[in-house]
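Q: Protein chains in written order, with my numbering: chain A, 512 to 774; chain B, 512 to 774.
Dropping the structure here:
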């Protein structure tokens with residue numbers, strides 16, 4: 512499972528404040544803690560409050576790279592901002608994200624090709640979020656085909672069927688899982704599949720971690736290969752590690768949780 | 512999800528002792544607690560230590576039926592014992608179980624037909640436990656076809672692909688989940704699918720409940736409709752309730768765990 516840590520995001524107040532005040536230690540602590548907890552990639556998002564998006568993103572990338580070695584997922588709607596930061600990246604980056612809209616895909620895949628980046632492709636377009644697995648599959652096919660036109664292999668894509676809040680779109684959960692299964696069968700090599708897990712429990716009360724981790728385990732049974740989550744949620748990570756074990760990705764030992772974390 | 516409570520089983524020392532000494536209150540307490548925790552069916556197994564299997568089983572059935580109304584799963588290798596107890600049952604019973612062996616199936620389905628019982632059909636035969644989904648499917652087809660010959664509908668069958676201990680047969684977990692998916696597609700109406708959940712963590716140390724509940728949630732994502740488990744394991748039941756919610760079987764509310772338990 513590819514774990515994309517979500518915590519360096521300016522929508523969180525402490526992160527936003529750390530960005531404004533250039534408090535490197537706050538960001539670096541978040542980076543180190545997430546990697547220690549099992550993140551393979553760190554998402555980097557300056558959030559909605561930045562007054563200087565380009566400098567803020569570049570500062571984040573440089574600050575994070577001083578303490579951890581993992582690839583970054585550059586999360587912005589501004590492609591010029593992503594490109595400036597890519598130039599500073601010491602690893603291959605993930606562009607977060609493109610929709611299935613032609614114009615957006617052209618720009619994102621052009622950039623991905625130029626910098627040999629991976630791309631998160633979200634199964635939605637300007638007509639909105641699809642509510643059926645058929646529509647999701649149609650959009651996923653568009654993304655895979657467009658990427659192929661730029662020489663980008665499907666296994667450098669992370670296709671996101673869009674996990675929706677359970678309290679708003681309860682019937683969609685099952686559709687999303689079937690979409691994950693279908694996306695994996697689209698081509699060979701298979702595209703990665705990814706969800707933004709915290710969407711599932713957004714706006715719910717009382718049982719957020721339980722909802723998220725149960726959804727994650729079900730999505731993993733359906734073939735999910737990557738996930739954007741809070742790696743500091745220990746129970747969530749325990750569930751993820753156990754699901755990987757059941758899927759035979761790691762060899763069983765009595766202390767399998769500890770063994771995974773020591774890796 | 513059909514929850515079959517597993518706790519009234521003479522392999523547990525306190526149950527075995529209660530059976531020998533005719534301590535009705537011990538058995539009735541276990542029956543009531545399991546039903547209160549969400550069991551829809553109670554498994555009844557006199558265990559390996561009985562000196563008088565027929566009387567013990569009949570006493571158990573009568574004792575349980577004095578306090579709870581749920582159907583019973585009569586769990587014995589002795590069909591004569593099951594038949595004697597069936598005569599006392601106030602609800603439709605589940606016969607636990609038949610293999611896919613012709614002789615066994617003939618006897619079990621004959622009995623099921625006579626008493627209008629449901630049947631747990633285990634996907635194994637005298638050649639042993641199958642280690643591939645293809646072999647499991649072959650045995651499942653045999654069971655469904657044989658049952659049909661006795662006029663027993665597939666939705667009165669619980670097909671068990673045999674969940675195996677993760678520390679012994681780790682690669683089988685994934686096969687079992689695919690088998691669940693395949694069994695459900697065998698015919699219309701679909702057969703029920705069932706697993707004996709505690710098998711998964713048998714012989715493991717330290718994380719039994721975590722292994723069991725993670726496996727259960729994954730199996731539910733694959734289409735599992737029934738499970739034999741310990742309904743007094745609260746975290747396990749929480750995971751089951753949450754997975755049902757995600758599968759859109761109950762309507763979301765913020766207190767969905769409490770709402771389920773009040774039903």
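Glycine included, each C-beta is placed from N, C-alpha and C at the ideal position.
Which same chain residues, not among the five before or five after residue 755 of chain A, have their C-beta less than 8 Å away from its C-beta?
A: Cβ within range, chain order: 512, 731, 761 and 771.
Q: Starting from residue 849 of chain A and walking both ways along the beta strand (DSSP E), at which residues does that stretch end?
A: This structure gives no information on residue 849 of chain A, because the portion of chain A shown stretches from 512 to 774.
Q: Using the Cβ count rule (16 or more neighbours within 10 Å means buried), how would you classify residue 516 of chain B?
A: Result: buried.
Q: The alpha helix (DSSP H) with residue 768 of chain A in it runs from where to where?
A: From DSSP, the alpha helix (DSSP H) with residue 768 of chain A extends over 767 to 773.
Q: Which chain A residues are close to residue 545 of chain B, counting only those with a beta carbon under 9 Å from its beta carbon?
A: Near residue 545 of chain B there are no residues of chain A at all, since even the closest Cβ is about 22 Å away, more than 9 Å.
Q: Which residue's Cα is closest to the Cα of residue 715 of chain B: B/735, B/681, B/737 and B/729?
A: Nearest option by C-alpha distance: B/681.
Q: Would you say residue 654 of chain A and residue 611 of chain A are within 8 Å of each other, going by their C-beta atoms?
A: Yes.
Q: Name the chain B residues whose beta carbon is nearer than 8 Å to that of residue 734 of chain A?
A: Here the premise fails: no neighbours, minimum Cβ distance about 10 Å.
Q: Threshold first: 4 residues or longer. Then list the alpha helix (DSSP H) segments lying entirely within the region 655 to 726 of chain B, N to C.
A: Complete alpha helix (DSSP H) runs here, min 4: 683 to 695.
Q: Quick one: which chain A residues come within Cβ less than 8 Å of residue 753 of chain B?
A: What residue 753 of chain B touches in chain A: 718, 721, 722 and 725.
Q: With 16 other CB atoms within 10 Å as the buried threshold, where does residue 574 of chain B fall?
A: So residue 574 of chain B ends up on the buried side.
Q: Under 8 Å, with one C-beta from each stretch per pair, do the region 692 to 712 of chain B and the region 745 to 753 of chain A reach the 3-pair mark?
A: Verdict: no, contact absent.
Q: Between residue 748 of chain A and chain B, is there a C-beta pair that is closer than 8 Å?
A: Not an interface residue.
Q: Compare the beta carbon distance of residue 711 of chain A and residue 676 of chain A with 8 Å and say whether it is the shorter of the two.
A: Closer than 8 Å, so yes.
Q: Using a beta-carbon distance cut-off of less than 8 Å, what residues from the region 659 to 686 of chain B approach chain A?
A: Within the region 659 to 686 of chain B, the qualifying residues are 677, 678, 681, 682, 684 and 685.
Q: Can you grab the Cα-Cα spacing for the pair residue 522 of chain B / residue 558 of chain B, in whole Å?
A: Looking at the two C-alpha atoms, the distance is approximately 5 Å.
Q: Between which two residues does the alpha helix (DSSP H) holding residue 752 of chain A run?
A: First-last of the alpha helix (DSSP H) with residue 752 of chain A: 745 to 757.
Q: Give me, in chain order, the residues of the same chain whose beta-carbon lies closer than 6 Å to that of residue 616 of chain B; leave out the 5 immediate sequence neighbours on both sides.
A: So the list reads 609 and 657, once near-sequence residues are dropped.
Q: Could you give the distance in angstroms between the alpha-carbon of residue 593 of chain B and the alpha-carbon of residue 582 of chain B?
A: Roughly 14 Å separates the two Cα atoms.
Q: Residue 622 of chain A bridges to which residues according to DSSP?
A: Beta-bridge pairing links residue 622 of chain A to no other residue.
Q: Kindly list the residues whose CB is nearer than 8 Å to the CB of residue 602 of chain A, restricted to its own chain and excluding five residues on each side of it in sequence; keep chain order.
A: If we look at residue 602 of chain A and ignore the five residues flanking it on each side, its Cβ neighbours are 580, 581, 582 and 583.
Q: Could you say which of A/737, A/724, A/634 and A/555 lies nearest to residue 686 of chain A if we only look at CA atoms?
A: Residue A/634 is the option with its Cα nearest to residue 686 of chain A.
Q: Please report the distance separating the alpha-carbon of residue 641 of chain B from that of residue 565 of chain A.
A: Each residue's Cα considered, the two are about 59 Å apart.
Q: When you compare only the Cα positions, how much space is there between residue 693 of chain B and residue 648 of chain B?
A: Looking at the two C-alpha atoms, the distance is approximately 7 Å.
Q: DSSP puts residue 584 of chain B in a beta bridge; with which residues?
A: Residue 584 of chain B pairs with B/554 and B/605.
Q: Got a sec: is the Cβ-Cβ distance from residue 580 of chain B to anything in chain A below 8 Å?
A: False, the Cβ-Cβ gap to chain A never drops below 8 Å.
Q: If we cut at 8 Å on Cβ distances, does residue 757 of chain B have a partner in chain A?
A: Yes, because at least one Cβ of chain A sits closer than 8 Å to the Cβ of residue 757 of chain B.
Q: Helix or strand or just coil, what does DSSP make of residue 529 of chain B?
A: Correct three-state label for residue 529 of chain B: helix.
Q: List the endpoints of the continuous alpha helix (DSSP H) containing residue 640 of chain A.
A: Residue 640 of chain A -> no alpha helix (DSSP H), and no H or E assigned at all.
Q: Any C-beta of chain B sitting closer than 8 Å to the C-beta of residue 729 of chain A?
A: It does: the Cβ of residue 729 of chain A has a partner Cβ on chain B nearer than 8 Å.
Q: According to the Cβ coordinates, are residue 650 of chain A and residue 618 of chain A closer than 8 Å?
A: Taking 8 Å as the Cβ cut-off, residue 650 of chain A and residue 618 of chain A do not qualify as a contacting pair.
Q: Grab me the residues of residue 544 of chain B's own chain with a C-beta within less than 7 Å of its C-beta, minus the 5 sequence neighbours each way, in chain order.
A: 743.
Q: Kindly indicate if chain B contains any beta-carbon less than 8 Å away from that of residue 690 of chain A.
A: It does not; no Cβ of chain B falls within 8 Å.
Q: Within 8 Å (strictly less), CB to CB, does residue 763 of chain A reach chain B?
A: Yes - at least one Cβ of chain B is within 8 Å of the one on residue 763 of chain A.
Q: Could you have a look at residue 571 of chain B and say whether DSSP puts it in helix, strand or coil?
A: Note: residue 571 of chain B maps to helix in three-state DSSP.
Q: Using a threshold of 8 Å, state whether the C-beta atoms of residue 652 of chain B and residue 629 of chain B are closer than that.
A: Not in contact: residue 652 of chain B and residue 629 of chain B (Cβ atoms no closer than 8 Å).
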